[in-house]
Every structure is written in C-alpha cells, then in structure tokens.
Amino acid sequence: MPSDFTVFIGQMMRKPKEVSAIAPSSAAVARKMTEGVEMVEGPILEIGPGTGSFTKAILDRGVPPERLILMELNPRFCDALRAKFPGVRVLNRPAQEIEEIGVTNLGCVISGVPVLARPQIQREVVGRAFNVMSPEGVFVQITYSPNAPIPPEVQAEMGIHGERRATVWANLPPARVFEFRRRAQ
Ligand SMILES: C[S@@+](CC[C@H](N)C(=O)[O-])C[C@H]1O[C@@H](n2cnc3c(N)ncnc32)[C@H](O)[C@@H]1O
Numbered sequence: 484m485p486s487d488f489t490v491f492i493g494q495m496m497r498k499p500k501e502v503s504a505i506a507p508s509s510a511a512v513a514r515k516m517t518e519g520v521e522m523v524e525g526p527i528l529e530i531g532p533g534t535g536s537f538t539k540a541i542l543d544r545g546v547p548p549e550r551l552i553l554m555e556l557n558p559r560f561c562d563a564l565r566a567k568f569p570g571v572r573v574l575n576r577p578a579q580e581i582e583e584i585g586v587t588n589l590g591c592v593i594s595g596v597p598v599l600a601r602p603q604i605q606r607e608v609v610g611r612a613f614n615v616m617s618p619e620g621v622f623v624q625i626t627y628s629p630n631a632p633i634p635p636e637v638q639a640e641m642g643i644h645g646e647r648r649a650t651v652w653a654n655l656p657p658a659r660v661f662e663f664r665r666r667a668q
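Pasting the structure below:
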C-alpha cells in the first residue's frame, strides 16, 4: 500500500489548486487542530481531510468513528480514508454542499480546505458551515498565512470572529491554526 506521502504528492501534482499543500500536515499541527474535540457535543465534520492527518488525531482523542463525517473532493483520497478509518462516514462531495448532507447541530468543523484569498469559498464553505453548526460550534481552519485566512470584513459579514489558536513551526511549511465562532449578539 503506498504511503500517505506518496498518495498526497501524486494528487498534488494532478490537482495542485485543490490540494494546495506540499505535504500532509504534521502530527504537531493535527494535535493543535483537534484540541478539545473530545469535549464537543454533537456530530463532528472534517472537510478537506486529504490523507487523514487530522482524522487520525480526532479519533486518537477518543471521538467514536460514528460521530465523525468527512467531506473530501478527491476520490483517490476518499478511497484511502475509507480503508484507513472504518466506521467513519466518508463523503466524496465538495464542502460547499455542507447544508445538503442531512446533519445539523455540528459541534465542530475541522477544515483543511484552502480558503485563503478565496472569498467565494469562504462564503460558500465557512458561511454555510455556520448555518448547520450549534450556537456554540467552532470552525477550525489551518492556514500558512500569519494572518486570519478570512479577512475581517468577510468575518463581519458572516457574523463570526476569528482568533489564532497556535503557530506550529514543526510543519512544512509552518502552519497557523485559527478558530472561528459566532459573534456575541
Ligand atoms: C491542503 S490539503 C489538506 C489535507 C489534510 N487536511 C492535511 O492537512 O494534511 C487540502 C485538501 O482539501 C481538499 N479540498 C479542496 N477543496 C475542497 C472542497 N471544496 N471540498 C472538500 N475538499 C476539498 C483537497 O482535495 C485536499 O485533500
């Protein structure tokens, strides 16, 4: 069976815009991305899981596989995810269809989908995610930018605010983890 790295690089060369990274995220990033998920109530959705760095970390934190749903655009990654994580629901669908998969009251969305400098995707993915998240739900996003991957005016338009949770140097390239929540009324 090919390694995660081999599968990832192969798909990155075929679909660079979608994959948008040079390697799977490190275990150090995965730990930061998934901090606290074991305390979250309700279903957990991961979007853009790739070869499953964050998926593994979510399960390692004790989340039962049946509470976890993955939405991944790339069919090759979906095959690998199904083989590696039995019991987890793997949907080969774009994250833009988040409102159409029949889940509500999501406690948390963990996102590897590239949203930086893509305002349309920010609205179609992050904006729609908040429509199906619980009031206290958190949207966690990886980025390689030092700044929030969603600009302040788009956050304001969507009624959310973001904070940097961590900078992780042990990743190629170094990564930042941002969390977004609904603004207080
Ligand atoms: C930067 S990679 C991150 C992979 C993995 N989360 C990691 O950190 O190693 C981006 C992933 O998002 C997926 N992706 C891109 N656009 C997507 C979309 N609209 N919906 C779902 N997945 C998407 C890509 O196929 C790829 O697996």
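Each residue of the sequence shown is one higher than the last, beginning at 484 in this note's numbering. Virtual Cβ for every residue (Gly too), placed ideally from N, Cα, C. On a predicted model such as this, the values are computed, not experimentally measured, just so you know.
Do residue i and residue j have their C-beta atoms within less than 8 angstroms of each other?
| i | j | result |
| --- | --- | --- |
| S509 | A653 | yes |
| Q624 | P632 | yes |
| V615 | V596 | no |
| G525 | N588 | yes |
| V546 | I530 | no |
| E607 | Q579 | yes |
So, with DSSP's three-state summary, where would you put residue i?
| i | result |
| --- | --- |
| G493 | helix |
| L574 | strand |
| Q603 | helix |
| M638 | According to the sequence shown, residue 638 is Gln rather than Met. Helix. |
| I584 | coil |
| Q624 | strand |
| P618 | strand |
| R611 | helix |
From this set, the options, which residue's C-alpha is nearest residue i's C-alpha?
| i | options | result |
| --- | --- | --- |
| P657 | P532, A513, K567 and G620 | A513 |
| I643 | N630, G620, I552 and S628 | G620 |
| D487 | L564, P629 and A578 | L564 |
| T489 | V608, F537, P634 and A506 | A506 |
| P635 | Y627, P629, T626 and G645 | G645 |
| L556 | P532, T538 and R572 | P532 |
| A566 | G535, I581 and G590 | G535 |
| A667 | P618, F661 and A540 | P618 |
I need the straight-line Cα distance from residue i to residue j, nearest angstrom please.
| i | j | result |
| --- | --- | --- |
| S570 | L542 | It is Gly, not Ser, that sits at residue 570 in the sequence shown. If you take the alpha carbons of G570 and L542, they lie about 11 angstroms apart. |
| L553 | S594 | 10 angstroms |
| E640 | R559 | 35 angstroms |
| K500 | L599 | 12 angstroms |
| V523 | F622 | 12 angstroms |
| R664 | S628 | 19 angstroms |
At which residues does the alpha helix (DSSP H) containing residue i begin and terminate?
| i | result |
| --- | --- |
| M516 | A510 to M516 |
| S536 | S536 to D543 |
| L655 | Element bounds for L655: n/a, residue is neither H nor E. |
| L589 | Not the alpha helix (DSSP H): L589 falls in the beta strand (DSSP E), residues L589 to S594. |
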